[in-house]
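Here the structure comes first, spelled out in structure tokens, and everything after it is commentary.
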Amino acid sequence: KTAFRWLSPLKAASSVAKTLSPGFSGGLLQTPRPASSGVRCQELHAGGRSPTQSPSAAPERGTFSRVTPEDLAFFRELLPGRTITDPDLLEACNVDWLKSVKGSGEVLLKPKTTEEVSQILRYCNRGNLAVTPQGGNTGLVGGSVPVYDEIVLSTALMNNVLNFDSASGILSCQAGCVLESLSVYLEDRDYIMPLDLGAKGSCHIGGNVATNAGGLRLLRYGSLRGTVLGLEVVLADGRVLDCLTALRKDNTGYDLKQLFIGSEGTLGVITAVTILCPRKPKAVNVAFLGCESFEQLLQTFQRCRGMLGEILSAFEFLDRDCMRLLNTHLKLANPITDCPFYIVIETSGSNPTHDEEKLHQFLEETMRSSLVTDGTVATEESKIKALWSLRERVTEALTHDGFTYKYDISLPVERIYQLVTDMREHLGDRAKSVVGYGHVGDGNLHLNITSPAKDPALLASIEPFIYEWTARFRGSISAEHGLGLKKRNYIYYSKSNMAVDLMGSIKILLDPKGILNPYKTLPDDLQ
């Protein structure tokens with residue numbers, strides 16, 4: 039039995055009661071953010087910069103040295119054949135995946151070992167040379183490419199698995215291992231990575247950790263802050279911090295690795311990772327369902343958690359406009375009837391019969407109560423991949439729709455889609471498309487807005503409206519993409535002044551010259 043589909047869903051009551059979490063008033067949250075939040079961001083919008091320049095634009099170049107022939111001689115002796123200065127070869131590492139940010143780095147260094155990274159950073163720190171660490175360059179906030187002429191330090195050749203313990207499921211590897219390659223390595227040993235992303239064919243595990251990437255499996259396996267057990271990090275002055283433990287429990291002093299998870303390469307260069315990997319499930323099912331309203335989608339999620347419980351591994355959604363883009367630009371067909379909202383549900387377990395029975399009971403219940411109007415289920419790997427592609431390839435479809443403004447917002451789950459609706463109303467016909475998709479299981483919305491070309495006036499309408507809206511409901515302006523270059527100055531919408539100042543103090547402590555990934559993550563007033 040590979041798949042089945044409902045052609046005539048059962049009908050029930052035509053109306054569905056809106057389900058809200060306890061204490062939710064239906065209006066503004068009762069505890070708004072302090073009035074001081076976002077003040078510095080508002081000041082940036084109000085003045086001090088060119089009226090046509092957004093706070094997401096690049097600041098002026100810092101007082102860093104420029105690469106000299108003597109510097110190149112040192113790098114070439116250290117990395118023979120791996121010091122790249124050919125402009126054609128440098129093009130790819132100077133442009134981000136979205137082609138929205140372009141630097142002018144003149145040197146690409148490709149070390150293979152931690153010791154080589156150490157020598158590079160020690161030399162650059164002494165010479166005041168700025169460095170941009172780069173993994174697979176799949177980031178979406180301009181954090182992985184030079185802003186000016188920073189030296190690009192690529193981890194692409196640091197791609198070895200160091201150790202795998204099949205008893206504990208703990209993997210140790212270099213930072214440049216591609217996520218998909220690690221997944222293949224582990225699946226051959228009856229394990230899987232706890233992380234899964236649409237960019238898995240290109241992204242590096244070191245970059246995943248440096249950005250604290252979330253992905254599709256977070257609902258089941260948690261974030262990298264829990265699954266990463268240890269790190270090896272080279273600091274700005276070349277010292278190597280060895281926290282590469284393979285222990286699940288270690289309560290001796292401060293958990294220093296957490297400083298570097300999500301730091302976007304601004305505090306140190308991650309060179310190796312130990313990560314806890316779950317066993318490969320023996321049974322995987324994927325359901326693709328349609329709902330008539332977001333309220334029904336939320337009720338389906340609540341019913342799903344209650345009825346599927348321990349086998350639920352993903353609950354994703356996309357809206358009708360996402361499906362339109364998938365069909366128009368990628369020629370991906372909708373496997374069910376047209377609906378305003380679509381859900382991707384994945385179950386993973388050890389007993390196929392048990393899992394199928396639970397899933398079928400859940401599906402019958404949601405159809406009977408008219409929460410779901412149509413759907414299809416796959417258990418074969420090829421059909422599972424086909425259904426997942428409808429969620430994973432939305433980002434790709436957006437690149438064909440025009441210039442894309444991407445936002446990665448974390449909100450109380452009841453508010454996720456209201457932001458999309460309010461943004462459409464706010465922008466009117468100034469945007470080509472306004473679409474929403476994301477991870478319902480962890481309250482993460484990916485809001486994307488397209489226009490025929492880059493449009494400063496449209497950007498001015500989007501920002502700071504989106505950040506003020508998010509702060510109003512105590513959300514986060516970056517759920518999993520990080521801040522990078524584009525969002526650094528908006529950090530105050532999610533963090534207090536004191537918290538940001540403390541971040542600046544940590545940066546000064548670990549990188550006093552500011553050579554590591556400058557112009558990223560921290561706001562301009564702390565750079």
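Here this note's numbering is used: the first residue of the sequence shown is 39, the next is one more, and so on. Each residue gets a CB set at the ideal place from its N, CA and C atoms; glycine is no exception.
Along the chain, where does the beta strand (DSSP E) containing residue i start, and where does it finish?
| i | result |
| --- | --- |
| V294 | Residue 294 is actually Leu in this sequence, not Val. Careful: L294 lies outside any beta strand (DSSP E) and carries neither H nor E. |
| I500 | Careful: I500 lies outside any beta strand (DSSP E), inside the alpha helix (DSSP H) at 494-500. |
| K444 | 441-448 |
| T152 | Taken as a continuous stretch (DSSP letters only), T152 belongs to no beta strand (DSSP E), being part of the alpha helix (DSSP H) at 152-165. |
| D460 | Per DSSP, D460 belongs to no beta strand (DSSP E); it is in the alpha helix (DSSP H), 454-465. |
| R472 | Note that residue 472 is Val in the sequence shown here, rather than Arg. That run of the beta strand (DSSP E) goes 471-477. |
| Y380 | 379-387 |
| V324 | 321-329 |
Pull up the distance between the alpha-carbon of residue i and that of residue j, whole angstroms please.
| i | j | result |
| --- | --- | --- |
| S427 | D234 | 13 Å |
| L128 | Y223 | 30 Å |
| S301 | A248 | 6 Å |
| A284 | V145 | 35 Å |
| L254 | N323 | 15 Å |
| V382 | S240 | 23 Å |
| A325 | N201 | 36 Å |
| L449 | N246 | 22 Å |
| L178 | A213 | 19 Å |
| E333 | K444 | 24 Å |
| D549 | V155 | 15 Å |
| P494 | K137 | 16 Å |
| L521 | L314 | 26 Å |
| D293 | E225 | 30 Å |
| A251 | S261 | 8 Å |
| R358 | G513 | 24 Å |
| V432 | L364 | 6 Å |
| T170 | T151 | 17 Å |
| I374 | V266 | 38 Å |
| E518 | N482 | 8 Å |
| C131 | A168 | 15 Å |
| E434 | T290 | 44 Å |
| E506 | R468 | 20 Å |
| C211 | F102 | 33 Å |
| I208 | P316 | 9 Å |
| L282 | G236 | 27 Å |
Within the continuous alpha helix (DSSP H) that includes residue i, where are the two ends?
| i | result |
| --- | --- |
| V169 | Counting along the chain, V169 falls outside any alpha helix (DSSP H), though it belongs to the beta strand (DSSP E) covering 169-172. |
| S516 | Here S516 belongs to no alpha helix (DSSP H), and DSSP marks it neither H nor E. |
| H367 | 358-368 |
| A130 | 125-132 |
| G344 | 332-346 |
| I546 | 535-548 |
| H392 | 390-406 |
| E108 | 107-116 |
| V432 | 432-437 |
Leaving aside the five residues before and after residue i along the sequence, list all residues of the same chain whose C-beta is less than 8 Å from its C-beta, in chain order.
| i | result |
| --- | --- |
| E115 | none |
| K551 | N163, N166, A274 |
| L257 | L350, S351, A352, F353, H477, G479, D480 |
| L147 | F113, L117, R120, T121, I122, I158, I189, V190, L191, S192 |
| F441 | S138, T488, S489, P490, A491, K492, D493 |
| G85 | Model confidence at G85 stands at a pLDDT of 41, short of 50, so the residue's coordinates are unreliable and nothing is read from them. |
| M345 | K396, Q399, F400, E403 |
| S63 | Confidence is the limiting factor: at S63 the pLDDT is only 32, short of 50, which leaves the residue's position unreliable and the question unanswerable from this model. |
| I544 | L297, L305 |
| L465 | V472, I487, L496, S499, I500 |
Leaving out the 5 sequence neighbours to the left and right, which residues in its chain are closer than 6 Å to residue i when beta-carbon positions are compared?
| i | result |
| --- | --- |
| N372 | M361 |
| V133 | K140 |
| S182 | Q172, N175 |
| D280 | E270 |
| P149 | V155 |
| E98 | none |
| E501 | none |
| M461 | V472 |
| L82 | Note that L82 has pLDDT 46, beneath the 50 cutoff, so the model's placement of it is unreliable and no number is given. |
| R453 | F511 |
| L547 | none |
State the CB to CB distance for the pair residue i and residue j, rounded to an integer number of angstroms; the pair is presumed to be in contact (CB under 8 Å).
| i | j | result |
| --- | --- | --- |
| L540 | G303 | About 19 Å; that fails the 8 Å criterion. |
| Y475 | T508 | Their Cβ separation, rounded to whole angstroms, is 17 Å, which puts Y475 and T508 out of contact at 8 Å. |
| N527 | P232 | With 8 Å as the limit, N527 and P232 do not qualify as a contact, their Cβ atoms being about 32 Å apart. |
| A321 | G387 | 5 Å |
| K318 | D228 | 5 Å |
| G268 | K295 | 6 Å |
Beta-carbon within less than 7 Å of residue i's beta-carbon, same chain only, minus the 5 sequence neighbours each way: which residues are those?
| i | result |
| --- | --- |
| P525 | It is worth fixing the name first, because residue 525 is Lys in this sequence and not Pro. Same-chain partners within the cutoff: S94, V179, I515, S516. |
| Y557 | A96, P97, V185, L523, Q565 |
* Whole beta strand (DSSP E) runs in the segment 232-295 with 3 or more residues, listed along the chain? -> 266-272, 278-281
* At 3 residues or longer, and completely inside the segment 176-220: list those beta strand (DSSP E) runs for me, N to C. => 189-192, 199-203, 208-212
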